[in-house]
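Residue numbering for the sequence shown follows this note's numbering, starting at 54 and increasing by one per position.
Positions of the beta carbon are idealized from the N, C-alpha and C atoms, including for glycine.
Encoded as structure tokens, the structure appears first; notes follow it.
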Amino acid sequence: MSDNFLTLEAFEEASDKVKEVTFETKLISSDYFSNQCGNNVFLKPENMQRTGAYKIRGAYYRISKLSDEERSKGVITASAGNHAQGVAYAAKAYGCRAVIVMPTTTPLIKVNRTKALGAEVVLHGDVYDDAAAMALKMAEEEGLTFVHPFDDLGVATGQGSIAMEIFKELPTVDYILVPIGGGGLATGVSTLTKLLHPDTKVIGVEPEGAACLTASLKKGKVTTLKTASTIADGTAVKTPGSNIFPYLQKNLDEVLTVPDSDLVTAFLDMVENHKMIVENSGLLTVAALKQLKCKGKKVVSILSGGNMDVITMSSVVQNGLIQRDRIFTVSVLLPDKPGELARVSGIIAEESGNVIKLEHNQFVTTNRTEAVELRITLEAFGTEHKAQIIEALDKKGFRPRVVRPVL
54 MSDNFLTLEA FEEASDKVKE VTFETKLISS DYFSNQCGNN VFLKPENMQR
104 TGAYKIRGAY YRISKLSDEE RSKGVITASA GNHAQGVAYA AKAYGCRAVI
154 VMPTTTPLIK VNRTKALGAE VVLHGDVYDD AAAMALKMAE EEGLTFVHPF
204 DDLGVATGQG SIAMEIFKEL PTVDYILVPI GGGGLATGVS TLTKLLHPDT
254 KVIGVEPEGA ACLTASLKKG KVTTLKTAST IADGTAVKTP GSNIFPYLQK
304 NLDEVLTVPD SDLVTAFLDM VENHKMIVEN SGLLTVAALK QLKCKGKKVV
354 SILSGGNMDV ITMSSVVQNG LIQRDRIFTV SVLLPDKPGE LARVSGIIAE
404 ESGNVIKLEH NQFVTTNRTE AVELRITLEA FGTEHKAQII EALDKKGFRP
454 RVVRPVL
């Protein structure tokens, strides 16, 4: 059956098939990111896709290729996020049973969304590997078809429909950047690209803390990382797919890695300049733009998804503002007597700083009249403005010391 997938005929079939359930995600030209990296950057906004991610493509196409008998028995998968919703939606569209095994640590909102799509949710284990083992066991016991999140040639073919859409809109694209977790999306996109336009470069992007494909390519075989630690939870995979690995070896031109800190600032850039919420895994290709050595080329960054919970979003925004020096905290020592706080506030006001929070500690020394500590959390316009405020406080004798903000 594998011979029927990842061929030009299969990609064409998948591209037509997924139109039944996908939204049209037209390319967005980005002046901001183009100026940042010196290339002509376009965004493929799969964060705006049905279920909030590209996963619906592979799931729907894979289920479409099952026999009537297989669909009558149902499908099963293991996932804590986008793939779960993709399989649930696709199964509902075909009227077949869907069982999704999710780790017990899965956020409630993702569990409820998956249930709302008509799937049966089974909570098992602390991590994906535990859930996957249970799903495979249930598949064997109940005759269900296991739809793997990435290591399935049919699923990868469905994901490749993204590349077909890119070439129809921008046939002269020079580079396509694609996020990598297990490698299913990268397999589909890179394989179809080389079939249609072999001169177009496909660059995979992994988080530094979960660079399983980089390790595997280096060793020339599928390699398992000891740990996978990254805020890009959708790509926190320790082992790339063994079935798809040969395609990745053959068709990817390069693999880049991105630190979590770059994802944080990329989130801010995306929100402020494009007014879009993109999850950390989906931002890998944007964060990697500055690593490109080319200039003046047409580059497409695939934004793979936008499913991010509000708590994570809040944390990323706060940390991004701190990284950009738009929020910072200074500690100053001043005598514990009337007027000193007003004097500090006056200096900050003169420099157009905005005070967010004050913390007054009278017990920093045993002699309160000599000195008490004042920690001031401020909002600034950026690094230069921050330095300007600190310099002004220093000139007035307060000897400011920058400390980590606690918001």
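Where does the unbroken alpha helix (DSSP H) through Phe86 begin, and where does it stop? 84-90 is the extent of the alpha helix (DSSP H) around Phe86.
In the stretch 202-265, which residue ranges form an unbroken beta strand (DSSP E) of at least 3 residues, counting only runs that do not cross its ends? Taking only runs of at least 3 residues, the beta strand (DSSP E) segments lying wholly in the stretch 202-265 are 228-232, 254-260.
Looking only at its own chain, which residues have a Cβ that is under 8 angstroms from the Cβ of Arg454, when we skip the five neighbours before and after it? Val383, Ser384, Val385
Which of helix, strand or coil DSSP assigns to Val456: strand
So, under 8 angstroms CB-CB, Leu266 and Pro293 are touching, yes? Tell me the CB distance rounded to an integer number of Å. The C-beta distance from Leu266 to Pro293 rounds to 5 angstroms, short enough to fall under 8 angstroms.
Beta-carbon within less than 7 angstroms of Gly257's beta-carbon, same chain only, minus the 5 sequence neighbours each way: which residues are those? The residues are Val231, Ile233, Ala239, Leu266, Leu305, Val308.
Tell me, please, whether the stretch 356-374 touches the stretch 326-346 by the rule of three or more beta-carbon pairs shorter than 8 angstroms. yes
Thinking just about the alpha-carbon of each residue, which of Tyr142, Glu173, Asp183 is nearest to the one in Thr158? Asp183
Distance, Cα to Cα, Ile219 vs Ser368? Roughly 33 angstroms separates the two Cα atoms.
What ranges does the alpha helix (DSSP H) occupy inside the stretch 72-152, keeping only unbroken runs of at least 4 residues that lie completely in it? 84-90, 108-117, 121-126, 135-147
Using only alpha-carbon positions, find the residue among Leu189, Ala144, Phe86 that is nearest to Lys108. Closest by alpha carbon: Ala144.
Let me make sure I understand the geometry here. Which of Met187, Thr75, Cys149, Met366 has the alpha-carbon closest to that of Met155? Met187
Under 7 angstroms between the Cβ atoms of Ile129 and Phe199? The answer is yes: Cβ separation under 7 angstroms.
Could you pull out every residue in the same chain whose Cβ sits closer than 7 angstroms to the Cβ of Asn88, ignoring the five residues on either side in sequence? none
Own chain partners of Asp227 with C-beta closer than 6 angstroms, once the 5 adjacent residues on each side are dropped: Lys350, Lys351
Is Gly450 helix, strand or coil by DSSP? The answer is coil: DSSP assigns Gly450 none of H, G, I, E or B.
For Leu374 and Asp315, I'd like the C-alpha separation in whole angstroms. 12 angstroms
Considering just the uninterrupted stretch of the alpha helix (DSSP H) at Arg166, what are its terminal residues? 161-169
Buried or exposed, going by whether 16 or more other CB atoms sit within 10 Å of the CB of Thr225? exposed
Going by DSSP in three states, Val331 sits in which element: helix, strand or coil? coil
Can you name the start and end residues of the beta strand (DSSP E) that Asn372 belongs to? Here Asn372 belongs to no beta strand (DSSP E); instead the alpha helix (DSSP H) covers 363-376.
Which residue from Arg377, Ala424, Leu411 puts its Cα closest to that of Phe434? Arg377
How big is the Cα-Cα spacing for Pro458 and Gly399? Distance from the CA of Pro458 to the CA of Gly399, rounded to the nearest whole angstrom, comes to 21 angstroms.
Here's the rule: buried if 16 or more other CB atoms are within 10 angstroms of the residue's CB, otherwise exposed. What is Ala169? exposed
Less than 7 angstroms between the beta carbons of Pro312 and Ala285, yes or no? no
To the nearest whole angstrom, what separates the beta carbons of Ser68 and Met217, a pair I think is in contact under 8 angstroms? 4 angstroms
Straight-line Cα distance separating Gly139 from Ala112: 6 angstroms
Do the stretch 387-404 and the stretch 424-438 meet, that is, are 3 or more Cβ pairs less than 8 angstroms apart? yes
Exposure of Ile98, with buried meaning 16 or more beta-carbon neighbours within 10 Å: What sits at residue 98 in the sequence shown is Pro, not Ile. Classification for Pro98: buried.
Bridge-paired residues (DSSP) for Glu432: Ile380, Asn407
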